[in-house]
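Asker: Got a structure here, written out as structure tokens. Questions coming.
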Amino acid sequence: MQEHNPLFGKGNAVREKMNKYRYFALVTASALALGGCDKISGFFGGDSKSEEFVQRIEPSKDDGSVGMLLPDFAQLVQNEGQAVVNIQASPAGRAAGSGQSEEQGMDLSQFPDNDPFYEFFKRLVPNMPDMPEDQSADEDLNFGSGFIISKDGYILTNTHVVAGMGNIKVLLNDKREYTAKLIGSDTQSDVALLKIDASEELPVVKIGNPKDLKPGEWVAAIGAPFGFDNSVTSGIVSAKGRSLPNESYTPFIQTDVAINPGNSGGPLFNLKGQVVGINSQIYSRSGGFMGISFAIPIDVAMNVAEQLKTSGKVQRGQLGVIIQEVSYDLAKSFGLDKASGALIAKVMPNSPAMQAGLQVGDIVRSVNGEEVRVSSDLPVMVGSMLPGKEVSLEVWRKGEKINVKVKLGSMAEQNETSSRATEQPQQANPADGFTVDNTGLTLRVDEGAGKSRLIVSRVSGAAERAGLKRGDEILAVSQISVNDESSFRSALAGAGKNVPLLVQRDGNTLFLALTLQ
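Be aware that the sequence shown starts at -10, since it is given in my numbering, and climbs by one per residue.
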């Protein structure tokens, strides 16, 4: 299942995956003495207490406003930080951590000679070499964070921290070191499951419910940014259910917690000291932290971990459709009272969706009674179920609610049926075609390839505001197929003020809402 996501357009910088960087460690850094923590719930066993470590802020004024008092995370870090680990991974045949050693400390070659930080770190760590003999010694090393989720040594981290690495070393907060085995990893969710064998008891984190998180709520991250282990940063939840390009199966938690290379795979805690997410990505124009971080919800990660532990692989159900967001204008054009659900822009051939009778223009409002608030909810809901499961969809079709039963297929199967070559947009001649009053559209009829096609030659006014572009092919008006001037004018005459247009662009189909004056 794919989704059109305009959030990150061509003009925006590509978000940074935090997978490789130089590892720095100051020998003067000392570890905090931290306490133990309880077992987690779920298939790893144990209970999950919900004692709150961070004191909540009570309204300080009669009008309910909150004063300037900020939460103190010290108790949370003391109780939960010991279950957070530092991960070092290297290719097979080379031991993890064999690059720059702790005694070497930070590579000062990263600083220009006139940088004030050069002298600062030079004084802070005496006898530190100005330039390592082998600058590329740690180029193929990955460093990240993780956290222990069971007493018998299972650890969660990011796939991009350990992908392709044959040697994985785990460093605990109390300086114990273990060689870890990769149980399995999942590229779609960026979740990997490791296992260490320890003779002594291991601390574990508690697992929370990310569904209970609310925007504006305080959260904290513990990890090893740039190799500075057991580093704590805090912030608030900025948004939930964020959909990123090519990440359709993960409804990310967006925060403003400072996340940098080395935090990857580390836990995101709520005020109760429970893990609610795995820090995974940042959005940046500079390569560094810019106030936008993304965490994988822990319920998604635990579902993946359970499958990896049981079978070593992850299976996901799939409908076999391409969906898009329902905007306010599109909601009006389809007769909905609010902008919610997932709009089907394309149904893949021979897919479960096609076999169940789903159609282009259907809007999925709920799955098994659970509301689809935004389009990114649908792939997550369906992907959390196993192939072969039958689901009940509430669908809005041509002004009516209907229920559709669908037996889910598998993602691998649908990848085979959905692959296709990208078609190049037509370069229409603006002088060709006919103009449709009140729309801002000039269209031409292309008689090539044995069929008639309506191609956009020129856009202005309402068409331009709707997002139509020169070279778009108009396939349907108000869910009525069109391919020439007569059919277009006839379908438009029967439509209202808000008209949904089905358009093909660059080999993909999407709906645009044309609002007539």
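All residues carry an ideal CB built from backbone N, CA and C; glycine is no exception.
Assign residue 225 to buried or exposed, taking buried as 16 or more other Cβ atoms, counted over all protein chains shown, within 10 Å of its Cβ.
Answerer: In the sequence shown, the residue the question calls residue 225 occupies position 236. Residue 225 is exposed by the Cβ-count criterion.
Asker: Leaving out the 5 sequence neighbours to the left and right, which residues in its chain are closer than 8 angstroms to residue 428 when beta-carbon positions are compared?
Answerer: As a working mapping, residue 428 is identified with position 439 in the sequence shown. Excluding residues within five positions, the ones whose Cβ falls inside 8 angstroms are 450, 451, 452, 481, 503 and 505.
Asker: Residue range of the beta strand (DSSP E) that residue 231 falls in?
Answerer: Counting from 1 along the sequence shown, the entry for residue 231 is found at position 242. Unbroken beta strand (DSSP E) run through residue 231: 220 to 231.
Asker: For residue 425, which three-state DSSP category applies?
Answerer: Here residue 425 is taken as the residue at index 436 of the sequence shown, counted from 1. Looking at residue 425 - three-state DSSP - the assignment turns out to be strand.
Asker: For a test of the three-state rule: what should DSSP assign to residue 238, helix, strand or coil?
Answerer: Translated into the one-based positions of the sequence shown, residue 238 becomes position 249. Note: residue 238 maps to coil in three-state DSSP.
Asker: Around the Cβ of residue 69, are there at least 16 other Cβ atoms within 10 angstroms (buried) or fewer (exposed)?
Answerer: The residue you call residue 69 lines up with position 80 of the sequence shown. Answer is buried; the Cβ neighbour count reaches 16.
Asker: In the structure shown, what three-state DSSP assignment does residue 175 receive?
Answerer: Counting from 1 along the sequence shown, the entry for residue 175 is found at position 186. Residue state, collapsed to three classes: strand.
Asker: Any idea if residue 388 is buried or exposed, counting beta-carbon neighbours within 10 angstroms, 16 or more meaning buried?
Answerer: Here residue 388 is taken as the residue at index 399 of the sequence shown, counted from 1. With fewer than 16 Cβ atoms within 10 Å of its Cβ, residue 388 is classed as exposed.
Asker: Measure the CB-CB distance between residue 284 and residue 266 and report whether it falls below 7 angstroms.
Answerer: Within the sequence shown, numbered from 1, the residue matching residue 284 stands at position 295. Within the sequence shown, numbered from 1, the residue matching residue 266 stands at position 277. Going by C-beta atoms, residue 284 is nearer than 7 angstroms to residue 266.
Asker: Just curious, the beta strand (DSSP E) that residue 509 is in, first and last residue?
Answerer: Outside the displayed range of the chain (-10 to 506) lies residue 509, so it cannot be described from this structure.
Asker: Are there three or more Cβ pairs, one per stretch, closer than 8 angstroms when the stretch 289 to 303 is compared with the stretch 341 to 359?
Answerer: no
Asker: Based on Cα-Cα distance, which residue from 371, 377 and 356 lies nearest to residue 384?
Answerer: As a working note, residue 384 is residue 395 in the sequence shown. Measuring from the Cα of residue 384, the nearest candidate turns out to be 356.
Asker: Between the C-alpha atoms of residue 245 and residue 231, what's the straight-line distance to the nearest angstrom?
Answerer: Along the sequence shown, one-based indexing puts residue 245 at 256. Along the sequence shown, one-based indexing puts residue 231 at 242. Near 14 angstroms, if we compare the C-alpha coordinates of residue 231 and residue 245.
Asker: Out of curiosity, what's the CA-to-CA distance linking residue 374 and residue 153?
Answerer: To locate residue 374, count along the sequence shown from 1; it is residue 385. To locate residue 153, count along the sequence shown from 1; it is residue 164. Spanning the two alpha carbons is a distance of roughly 28 angstroms.
Asker: Can you look up residue 332 in the DSSP assignment and give me helix, strand or coil?
Answerer: On the sequence shown, position 343 is the one that residue 332 refers to. Residue 332: strand per DSSP, three-state reduction.
Asker: Hey, how far is the Cα of residue 210 from the Cα of residue 499?
Answerer: The count along the sequence shown starts at 1 and reaches residue 210 at position 221. The count along the sequence shown starts at 1 and reaches residue 499 at position 510. Distance between the alpha carbons of residue 210 and residue 499 is about 38 angstroms.
Asker: Measuring alpha carbon to alpha carbon, tell me which of 214, 334 and 59 ends up nearest residue 134.
Answerer: Locating residue 134 in the sequence shown gives position 145, counting from the first residue. Looking at the Cα atoms, 214 is the closest of the given residues.
Asker: Go ahead and pull the three-state DSSP assignment for residue 266.
Answerer: Position 277 of the sequence shown, counted from the first residue, corresponds to residue 266. The answer is strand: DSSP assigns residue 266 an E or B state.
Asker: Based on the DSSP output, what are the partners of residue 389 in its beta bridges?
Answerer: Here the question's residue 389 lines up with position 400 in the sequence shown. In the DSSP output, where bridge partners are listed per residue, residue 389 has 386.
Asker: Is it true that the CB of residue 466 sits closer than 7 angstroms to the CB of residue 490?
Answerer: Residue 490 sits at position 501 when you count from the first residue of the sequence shown. Residue 466 sits at position 477 when you count from the first residue of the sequence shown. With respect to the 7 angstroms criterion, residue 490 and residue 466 are classified as neighbours on the basis of their beta carbons.
Asker: Out of 469, 483, 486 and 492, which one is the CA nearest neighbour of residue 461?
Answerer: On the sequence shown, residue 461 is found 472 positions in, with the first residue counted as 1. Taking only the C-alpha atoms, the option nearest residue 461 is 492.
Asker: With distances taken from CA atoms, which of 322, 337, 335 and 317 is nearest residue 328?
Answerer: Locating residue 328 in the sequence shown gives position 339, where the first residue counts as 1. Out of 322, 337, 335 and 317, 317 has the C-alpha closest to the C-alpha of residue 328.
Asker: On the CB-based measure, 16 or more other CB atoms within 10 Å of its CB, does residue 190 come out buried or exposed?
Answerer: Position 201 of the sequence shown, counting from 1, holds the residue named residue 190. In summary, residue 190 is exposed, with fewer than 16 beta-carbon neighbours lying within 10 Å of its beta-carbon over all protein chains present.
Asker: Compute the beta-carbon to beta-carbon distance between residue 72 and residue 193, rounded to the nearest angstrom, for a pair I have assumed lies under 8 angstroms.
Answerer: As a first step, residue 72 is located in the sequence shown; it is residue number 83 there, counting from the start. As a first step, residue 193 is located in the sequence shown; it is residue number 204 there, counting from the start. That pair is a contact at about 5 angstroms.
Asker: Quick check on the DSSP output: what are the complete beta strand (DSSP E) runs of length 3 or more inside the stretch 138 to 184, in order along the chain?
Answerer: 143 to 147, 156 to 160, 166 to 168, 170 to 175 and 180 to 184
Asker: What distance in whole Å lies between the Cβ atoms of residue 432 and residue 443, which are believed to be in contact at a cut-off of 8 angstroms?
Answerer: As a working note, residue 443 is residue 454 in the sequence shown. As a working note, residue 432 is residue 443 in the sequence shown. At roughly 5 angstroms, the Cβ-Cβ gap stays under 8 angstroms, so residue 443 and residue 432 are in contact.
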